[in-house]
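If you read the sequence shown in this note's numbering, its first letter stands for residue 5, the second for the next number, and so on.
Comments concern the structure below.
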Amino acid sequence: MHLYKAYGLSIHSELVLPELQSISVADELDLSIRFGNVDWPLPKSLPSWRYFHQDEDSIYCYWNVVGKFQIRAGSEIIIDLIPGVDDSMIRLPLLGPVLALALHQRSHFTLHASAVVINGKAAIFTAASGQGKSTTAATLHSRGHRLMTDDVSAIVLKESAPPMLLPGFPRLKLWPDAVNPATQQNPADLEPINQAVDKLNCTTVKGFCQEPVPIGRIYKLAAGTTDMPKIVSLSQKDAVARLLENAFVPMLFGNEFPAMLSRSQQFWNVIQCANLAKNVSVCKLERPYSLERLPELASLIESDLSAAIAATQSAV
């Protein structure tokens, strides 16, 4: 068994998880990951290459290249594999969707987003897959800003406190053509995530933030119409809509979302987005596709968030 830390959780895992931070001792075990039998019969005719199901205390996931996962009460993940699966293939859904669903069961709101810390505040970058979340975070990280999370951002929302972003784990997933422009590293020096995915592992242990951080601003990435990046403030109504588009659990389930969750659970996601938009500024960040413009993009984000922090401080 192996002990790890991620998203503020002490994790006890039978599977080696090199992406996570190892710890030697834990006062309390929050999440157990083990191999076992998942007693969940698949439908005779699967609708796609993956499938989800939920009962009273568990969410079940199936990927035809990996097998079954059972996430129970946010405290246990059981892995039931098809024969011959490589560990790297298991970790791909486990450390993304499966872990995000465990966080959801623990009442943490999750966004499909990457994040770094700038001047003590979290800058969160949300977008559809392939739109530059990880590349933007990697560029800012290479400029000295600590990484918070990649792909899954877990947020704690409490009435009496500012929204807080939990630290994920010190790994970025980058396309080969983005590695050098974003990090000044040679993509040939990095390992692929696995044989089925072209993205590369970029570990960031030395520049990783290990404590929760208040959220400074959320940026919705969008393709720009000019060669230079541009930031546009969103109304609270538009902010809620953009956050709902990138809420991790509804995005993961897709068309299955209404059938997967009760009305109260669906409404909970809307309320979380509304509360987040009420307490954190959400902006549209128009970015050119050219990787050569990453320095201008990073500089604009740094200036924008610094100005927002200064304005908040002066108002107080």
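Cβ coordinates follow ideal geometry from the N, Cα and C atoms, glycine included.
Tell me the rounded alpha-carbon separation between S268 and Q188. Counted from its first residue, the sequence shown places residue 268 at position 264. Counted from its first residue, the sequence shown places residue 188 at position 184. When rounded, the distance between both Cα atoms is 47 angstroms.
Discussion item. Less than 8 angstroms between C-beta atoms, sequence neighbours within five positions excluded: which residues of the same chain meet that for S310?
Written reply: Residue mapping note: residue 310 aligns to position 306 of the sequence shown, counting from 1. Excluding positions up to five away in sequence, the list reads I122 and N123.
### Task
Spatial neighbours of R150 within its chain, please: CB distance less than 8 angstroms, with the 5 preceding and 5 following residues excluded, ordered by chain position.
Within the sequence shown, the letter at position 146 stands for residue 150. Counting only Cβ-Cβ distances below 8 angstroms, and skipping sequence neighbours, we find V120, V121, G211, F212 and C213.
Note to self: With H, G and I counted as helix, E and B as strand and the rest as coil, what does DSSP make of S360?
What the structure shows: Residue 360 is absent from the structure shown; the chain starts at 5 and stops at 320.
- Query: Excluding sequence positions up to five away, which residues of its chain have a Cβ less than 8 angstroms from the Cβ of G27?
  - Reply: Translated into positions along the sequence shown, residue 27 becomes position 23. One detail in the question is off: residue 27 reads as Ile in this sequence, not Gly. Hits under 8 angstroms: L7, Y8, K9 and S14.
Please report the straight-line C-alpha distance between R147 and N250, rounded to a whole angstrom. For the purposes of this step, residue 147 is taken as the residue at position 143 of the sequence shown. For the purposes of this step, residue 250 is taken as the residue at position 246 of the sequence shown. Using only the alpha carbons, I get a separation of about 26 angstroms.
Q. What are the boundary residues of the beta strand (DSSP E) that E249 is part of?
A. For this step, residue 249 is matched to residue 245 along the sequence shown. Taken as a continuous stretch (DSSP letters only), E249 belongs to no beta strand (DSSP E), being part of the alpha helix (DSSP H) at Q240 to E249.
Next on the checklist: Between the alpha carbons of K234 and L178, how many angstroms are there, rounded?
Outcome noted: Walking along the sequence shown from the start, residue 234 turns up at place 230. Walking along the sequence shown from the start, residue 178 turns up at place 174. K234 and L178: Cα-Cα distance of roughly 23 angstroms.
(request) Counting only the same chain and skipping the five closest in sequence on each side, list residues whose C-beta sits under 6 angstroms from that of E80. (result) As a first step, residue 80 must be located in the sequence shown, where it is residue number 76. These residues qualify, in order along the chain: S36.
With a Cβ-Cβ cutoff of 8 angstroms, do K125 and A131 count as a contact? One-based indexing of the sequence shown puts residue 125 at position 121. One-based indexing of the sequence shown puts residue 131 at position 127. No. Outside cutoff.
task = Starting from the Cα of I82, find the closest Cα among V20, D61 and G40 and give me that residue.
result = Your numbering for residue 82 matches position 78 in the sequence shown. Nearest option by C-alpha distance: G40.
Rounded C-alpha distance that separates V69 from A106: Mapped onto the sequence shown, residue 69 falls at position 65. Mapped onto the sequence shown, residue 106 falls at position 102. Computed Cα separation, rounded: 21 angstroms.
Can you tell me the Cβ-Cβ gap for L50 and T140, rounded? I've got them flagged as a contact below 8 angstroms.
As a first step, residue 50 is located in the sequence shown; it is residue number 46 there, counting from the start. As a first step, residue 140 is located in the sequence shown; it is residue number 136 there, counting from the start. Incorrect: roughly 36 angstroms between the Cβ atoms, too far for contact.
Exercise for review: Output the boundary residues of the alpha helix (DSSP H) element that contains R221.
Suggested key: Stepping through the sequence shown from its first residue, residue 221 is reached at position 217. No alpha helix (DSSP H) contains R221, which is instead part of the beta strand (DSSP E) from V217 to A227.
_Measuring only the C-alpha atoms, how far is R246 from F271?_
One-based indexing of the sequence shown puts residue 246 at position 242. One-based indexing of the sequence shown puts residue 271 at position 267. Their Cα atoms are separated by approximately 16 angstroms.
* Start-end ranges of the beta strand (DSSP E) lying completely within the segment 278-302, minimum 3 residues -> 285-291
Q) Would the beta-carbon of S294 fall within 8 angstroms of that of A312? A) On the sequence shown, residue 294 is found 290 positions in, with the first residue counted as 1. On the sequence shown, residue 312 is found 308 positions in, with the first residue counted as 1. No, Cβ-Cβ distance for S294 and A312 is not below 8 angstroms.
Practice item. Look at the alpha carbon of L161 and the alpha carbon of Q109, and state the distance between them as a whole number of angstroms. Key: Here residue 161 refers to the residue found at position 157 when the sequence shown is read from its first residue. Here residue 109 refers to the residue found at position 105 when the sequence shown is read from its first residue. Their Cα atoms are separated by approximately 15 angstroms.
Rounded C-alpha distance that separates D90 from T114: Counted from its first residue, the sequence shown places residue 90 at position 86. Counted from its first residue, the sequence shown places residue 114 at position 110. Taking the straight line joining both Cα atoms gives about 28 angstroms.
Own chain partners of E32 with C-beta closer than 7 angstroms, once the 5 adjacent residues on each side are dropped = The count along the sequence shown starts at 1 and reaches residue 32 at position 28. These residues qualify, in order along the chain: S14.
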